[in-house]
Amino acid sequence: MPKSFIYDDGWQHRGVCNFSKISAAQITTLHDTDFDLNMFVHNPKMDQISEILYHSNNLKDVPSAKLVKAFLDVFTDIDYVIDIGAHIGSISILSAMMGKKVVAIDADKENLNLLCSSVVNSSLQKNVVIIHGVVGMSHKAVTWAYQTNGNHSGNYVDTEDITWSQKSGSNWRLEGRAPFMMDNMIDMLPNMTTSNVFVSIDVNGYENIVLSGAHLFFKKTKKLYVQIVTFYRS
Numbered sequence: 005m006p007k008s009f010i011y012d013d014g015w016q017h018r019g020v021c022n023f024s025k026i027s028a029a030q031i032t033t034l035h036d037t038d039f040d041l042n043m044f045v046h047n048p049k050m051d052q053i054s055e056i057l058y059h060s061n062n063l064k065d066v067p068s069a070k071l072v073k074a075f076l077d078v079f080t081d082i083d084y085v086i087d088i089g090a091h092i093g094s095i096s097i098l099s100a101m102m103g104k105k106v107v108a109i110d111a112d113k114e115n116l117n118l119l120c121s122s123v124v125n126s127s128l129q130k131n132v133v134i135i136h137g138v139v140g141m142s143h144k145a146v147t148w149a150y151q152t153n154g155n156h157s158g159n160y161v162d163t164e165d166i167t168w169s170q171k172s173g174s175n176w177r178l179e180g181r182a183p184f185m186m187d188n189m190i191d192m193l194p195n196m197t198t199s200n201v202f203v204s205i206d207v208n209g210y211e212n213i214v215l216s217g218a219h220l221f222f223k224k225t226k227k228l229y230v231q232i233v234t235f236y237r238s
C-alpha cells in the first residue's frame, strides 16, 4: 500500500487509496527506451487527460511527460518531485520510475485511487507519497467543485477569487463537495525545504494562487525548478 494522507492541519494517515473503486478503470502503457510506463486511467471517452494517455503509444507523445523525462535526465541532482494537481499521476509515476522521491497532491479522490493503483502495479510504494489536499496561499477550509460529466481534468477549488458559477457553462456543470483544508507549501511540506526540488503545477489556471503562497518554501530550497503545465486546459 502506498503512503497516503488526507491533509487536515497536518498529514492524517486515513484511507485515501480505495482499490475497490477501480474495477471499471483501464490500464494503458507508454513505451520509452528506458522503461514502460503503466498507468490506470479513467474512461478515455469522458476524461480529457485519460484520453490523451490511453491513445498514446509512446512517452514522447505526451508533451508534459516528455518534457519532465528530458529534464530529469539532465538534472540528476533532484531530490524530490512535488506534483501539484497530479491527476492520475503521469508525472508522478514517471518521476518515481526514474528513481526520484515523489509527493503527489490532488483534490480528487478518484484520481488518487487510480494513482495508488499505478504505484502498486509498478512497485513504487517506497518512492511515492500521496496527499489528498489543496495547495494554495493560505490556511483555510475550501470546497472542491467537480464536473458531473466524468471529466476529472477540469475540477476546481472554490476560492474568493474564482467561484463555481464563473466556471459553469452550457457544456458542463460544477457541483460542490464538502469543505476540506487548503494550505501553503511551507506548512504542507515543511521537511523538503532544504532539498533540491522540482515542482510541477497543473491546477487549471489557479497557478497564481499556488505561487502566491509558495514564496517561503521556494526561498528555503537549495535548488528549485518549477514547471507550469498548460498542455491540458479544460
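So in my numbering, the last spot in the sequence shown is 238, and the numbers never skip. A virtual CB, placed ideally from N, CA and C, is assigned to each residue, including glycine.
Put simply, the backbone Cα of T147 is about 15 Å away from that of V207. The beta carbon of I213 sits closer than 6 Å to those of G140, M141, all from its chain and outside the five residues before and after it, given in chain order. H46 is a Cβ neighbour of H156, given a cutoff of 8 Å.
Beyond the five residues adjoining it in sequence on each side, F75 comes within less than 8 Å, by CB distance, of F202, Y229, Q231 in the same chain, given in chain order.
With a 10 Å radius around the Cβ and a threshold of 16 neighbouring Cβ atoms, H143 comes out exposed. Per DSSP, V201 is one residue of the beta strand (DSSP E) stretching across 200-205. Straight-line spacing of the CA atoms in N22 and I135 works out to 14 Å. In this structure, DSSP gives D40 an extended state, which the three-state scheme calls strand.
With the rule of 3 Cβ pairs closer than 8 Å, the region 57-72 does not count as touching the region 187-197. In the assembly as shown, H91 is a buried residue. Its beta-carbon has 16 or more other beta-carbons within 10 Å. Secondary structure at H219: helix, using DSSP grouped into helix, strand and coil.
Taking C-beta atoms as the reference points, A145 and N159 fail to come closer than 8 Å.
The C-beta distance from G154 to M43 rounds to 18 Å, too long to fall under 8 Å, and the pair is not in contact. Scanning P48, V161, P194, D83 for the CA closest to the CA of K224 turns up P194. DSSP, read as helix, strand or coil, puts P183 in strand.
Partner residues in the beta bridge of A108, as assigned by DSSP, are D87, I134. Residue M102 holds the alpha-carbon nearest to the alpha-carbon of F39 among V85, I31, G209, M102.
When DSSP states are grouped into helix, strand and coil, I82 belongs to the coil group. The C-alpha of T37 lies about 15 Å from the C-alpha of S99.
A direct Cα-to-Cα measurement between Q129 and S216 gives close to 31 Å. When rounded, the separation of the alpha-carbon atoms in V78 and K113 is 33 Å. Taking C-alpha positions only, L41 is separated from L220 by approximately 34 Å.
Here G137 is buried, its C-beta having at least 16 other C-beta atoms within 10 Å. One Cα belongs to Q52, the other to S199, and the distance between them is close to 33 Å.
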